[in-house]
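So the structure is just underneath, and the comments pick up after that.
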Amino acid sequence: MWQAATSSQRIVLQPEVTPRIMRGVDLLARALRPTLGPNPRLVAMQGMRNDTPPFLYDNAAKIAYEVKSLADPDTDVGAMLLRHAVWRVHEQVGDGTATTAVLLQSLLRAALPYLESGGNAVRLRQGLERATELAIGALRRMAVPIEGRETITRVANALCPDQDLAQMLAEILEIVGTDGYVQVELGQGRELYREYVEGAFWKGGWVSPVFTTDQERRRASLVNPAVLLTDHALRDPSDLLPVLETAHAAGLSTLFIVCRYVADPVLGLLAVNRQSKTLDSLVVLAPGFGSDEAANLEDLSALSGARVIWQASGESLGRIATEDLGRAREAWATSEYFGIVGGRGDSHALRAHIASVRAALRGEGDHPKRDALRRRLGRLIGGVAKLRIGAPTASELEYRRSLAERTVLVLRQAMSGGALPGAGSALLACQSAVAAAKTYDQDEAMAFKVLHRALEEPLRTIASNAGLEPSTVVEQTRGTKPGWGLDARTGRVIDLLSAGIVDPLPVVEAALRAAVSGASMVLTTDAVVHAPLRPVMVEP
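Start counting the sequence shown at 2; every next residue gets the next number (the working numbering).
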């Protein structure tokens, strides 16, 4: 016999709420703090099985992701709130996660005693938000552009400890630009290899090797093809006959087809036309599914000038006209990829399409979606590079790929959004803007003091992780010229911008905003309701 095991709801009110949430924030933040800076300490995480060795991490986002829940429900609320803030920053800008944790923890440590003494939480939150805007304004005035191979290489070397990889990534990003797309792949052997791809290419190869034109390279290509784009599934030769007749009547000799599905009888028809030299063709499947498929077809349309024949809109291939077909200098495919070179779409329409993708990229906060938009933009502007990673072992290979992807992301942020002096010095420099501002009541004045103190915490943490005395380093940095700060690798105060030790402005700004938002949420939370566990069947 089986019975349901249930748990009733539990409500926690002040004054117990905030201290319990703070315990959770503290626990997770203390696990993430060691990863900040160029001299990170490692964090060991036990796997699901006790008979396997622990995993060693120096990446705050990865550590936060792996922490699914804490045993105590009240403490877990605080840990999950910090985890959400950290992961949101990771998805938005790909870095700055440890900085977010350090800032949020410092804000709460300074603010909670004031609330316990009778401070107004709402006014404190409003003051924090105002002080944050002043700090961000100071950051933006401090940012400098990253331009030229030499400067880009210095920044890449500071971001990436693998110098060969850093120099290659600097070259790639200088060539393809901040809007270009860098595809990182696992290669063979130990060497790094890069390839710049002319035109645009997509994942997804030919539907059949019967189209191969270069047996040695296992590649098919068409010169000066007409281009047919559709979301139709070509199941019967009659589906395609009107298109072939239109192409033949227009004197076209090659046809590149992108469709949702193609059946064997249709391939047979195309093979017969190819052998008789009536019409040479190449067929690939439209990449992606749903909205991704539609976006890719629209990009192909903008590049080639073809009008997409949408089955979803009730359009038929039976009424296709010559002007519905696009053109390209070359279309090619392998078993894995396909692409077009020299698309002959209308230049004004293409510029408008690129502008719309750029606008979508600027307004998108989700990191995976931003990456997809950047991939599309790279194809449209012709800035695409492949980087193949080599390494002696599988573990080193995976580490090197992860390092390459992170370096590309952070270096691109610095090149597109501007760079700040790194090592926490830019946030420290914002203290003067916060200290100089006029405040209007006691709660707001305390909020400004809370943020003022938190702005030096990342530098303190970096110094501590490097084995240095934090207070001494903070005072040394305050007494230097603008742009100077701690080189944690040597323990000296240097010109950070000249050394390439920088933080991208978008990363620092995202970390500061997320930390203040998360801290404000804790400060104004007065109750926690623990929902009941879902019923489960247990044996009595």
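Note that CB positions come from ideal geometry on N, CA and C, so glycine has one too.
Since the structure is predicted, the reported quantities are computational estimates derived from the model, not experimental observations.
For residue i, the three-state DSSP class (helix, strand or coil)
{"i": "Q184", "result": "strand"}
{"i": "K69", "result": "coil"}
{"i": "D372", "result": "helix"}
{"i": "Y115", "result": "helix"}
{"i": "E196", "result": "strand"}
{"i": "K204", "result": "strand"}
{"i": "Y441", "result": "coil"}
{"i": "A528", "result": "strand"}
{"i": "I341", "result": "strand"}
{"i": "I147", "result": "coil"}
{"i": "P422", "result": "strand"}
{"i": "T481", "result": "coil"}
{"i": "E510", "result": "helix"}
{"i": "E470", "result": "coil"}
{"i": "P536", "result": "Interpretation of P536 is limited by its pLDDT of 49, a score under 50 that renders its predicted location unreliable; the figure taken from the coordinates is listed afterwards. Note: P536 maps to coil in three-state DSSP."}
{"i": "N158", "result": "helix"}
Whole-angstrom distance between residue j and residue i, CA atom to CA atom
{"i": "V530", "j": "A515", "result": "24 Å"}
{"i": "R345", "j": "A221", "result": "20 Å"}
{"i": "Y182", "j": "Y400", "result": "21 Å"}
{"i": "P266", "j": "G289", "result": "24 Å"}
{"i": "D300", "j": "G425", "result": "41 Å"}
{"i": "T394", "j": "V211", "result": "37 Å"}
{"i": "R84", "j": "L29", "result": "8 Å"}
{"i": "S357", "j": "K278", "result": "41 Å"}
{"i": "A122", "j": "A455", "result": "18 Å"}
{"i": "L125", "j": "K450", "result": "11 Å"}
{"i": "N60", "j": "E17", "result": "32 Å"}
{"i": "I496", "j": "V503", "result": "First, the amino acid is wrong: residue 496 is Asp here, not Ile. Taking the straight line from one Cα to the other gives about 10 Å."}
{"i": "V13", "j": "M81", "result": "17 Å"}
{"i": "L135", "j": "T154", "result": "32 Å"}
{"i": "R24", "j": "V517", "result": "18 Å"}
{"i": "M538", "j": "T19", "result": "Residue confidence is low: M538 scores 45 on pLDDT, short of 50, so the model does not pin down where it sits. Its coordinate-derived value is still stated next. Approximately 35 Å, taken between the alpha carbons."}
{"i": "G327", "j": "G269", "result": "24 Å"}
{"i": "R389", "j": "V87", "result": "30 Å"}
{"i": "G492", "j": "A467", "result": "8 Å"}
{"i": "M320", "j": "A313", "result": "Note that residue 320 corresponds to Arg in the displayed sequence, not to Met. Cα to Cα, R320 sits roughly 16 Å from A313."}
{"i": "T7", "j": "T76", "result": "A caution first: T7 carries a pLDDT of 49, below 50, which makes its placement in the model unreliable, though a value can still be read off. So the two alpha carbons sit approximately 21 Å from each other."}
{"i": "L160", "j": "L506", "result": "15 Å"}
{"i": "P226", "j": "P146", "result": "42 Å"}
{"i": "G178", "j": "G419", "result": "14 Å"}
Residue i, buried or exposed, once every other Cβ within 10 Å from all chains shown has been counted against 16
{"i": "G119", "result": "exposed"}
{"i": "P459", "result": "buried"}
{"i": "I176", "result": "exposed"}
{"i": "I341", "result": "buried"}
{"i": "G291", "result": "exposed"}
{"i": "R380", "result": "buried"}
{"i": "T231", "result": "buried"}
{"i": "A360", "result": "exposed"}
{"i": "E199", "result": "exposed"}
{"i": "G252", "result": "exposed"}
{"i": "E445", "result": "buried"}
{"i": "E337", "result": "exposed"}
{"i": "D488", "result": "buried"}
Those residues which DSSP pairs with residue i across a bridge
{"i": "D488", "result": "R493"}
{"i": "C260", "result": "L286"}
{"i": "T255", "result": "D281"}
{"i": "D75", "result": "For D75, which the question treats as bridged, DSSP gives no partner whatsoever."}
{"i": "I310", "result": "T231"}
{"i": "R328", "result": "A227"}
{"i": "W333", "result": "S222 and G340"}
{"i": "V13", "result": "V529"}
Extent of the continuous beta strand (DSSP E) run through residue i
{"i": "L229", "result": "A227 to L230"}
{"i": "D281", "result": "D281 to L286"}
{"i": "L223", "result": "A221 to V224"}
{"i": "G128", "result": "G128 -> not in any beta strand (DSSP E); alpha helix (DSSP H) instead, spanning A122 to M143."}
{"i": "A30", "result": "First-last for A30: V18 to L33, but that is the alpha helix (DSSP H), not the beta strand (DSSP E)."}
{"i": "G418", "result": "Not the beta strand (DSSP E): G418 falls in the alpha helix (DSSP H), residues A395 to G418."}
Where the alpha helix (DSSP H) through residue i begins and ends
{"i": "D504", "result": "Where D504 is concerned, there is no enclosing alpha helix (DSSP H), although the beta strand (DSSP E) it sits in stretches over V503 to P505."}
{"i": "I176", "result": "Q164 to V177"}
{"i": "L387", "result": "Per the sequence shown, residue 387 should be read as Lys rather than Leu. Looking at the DSSP string, K387 is not in any alpha helix (DSSP H); the run it does join, the beta strand (DSSP E), is V385 to I390."}
{"i": "I463", "result": "E458 to N466"}
{"i": "D293", "result": "S292 to S305"}
{"i": "D215", "result": "Element bounds for D215: n/a, residue is neither H nor E."}
{"i": "S357", "result": "S348 to G364"}
{"i": "L37", "result": "Element bounds for L37: n/a, residue is neither H nor E."}
{"i": "A322", "result": "Careful: A322 lies outside any alpha helix (DSSP H) and carries neither H nor E."}
{"i": "V244", "result": "P238 to A250"}
{"i": "Q276", "result": "D265 to Q276"}
Minimum Cβ-Cβ distance from residue i to chain C less than 8 Å
{"i": "V198", "result": "Judged by its chain identifiers, the structure shown contains no chain C, having just a single protein chain."}
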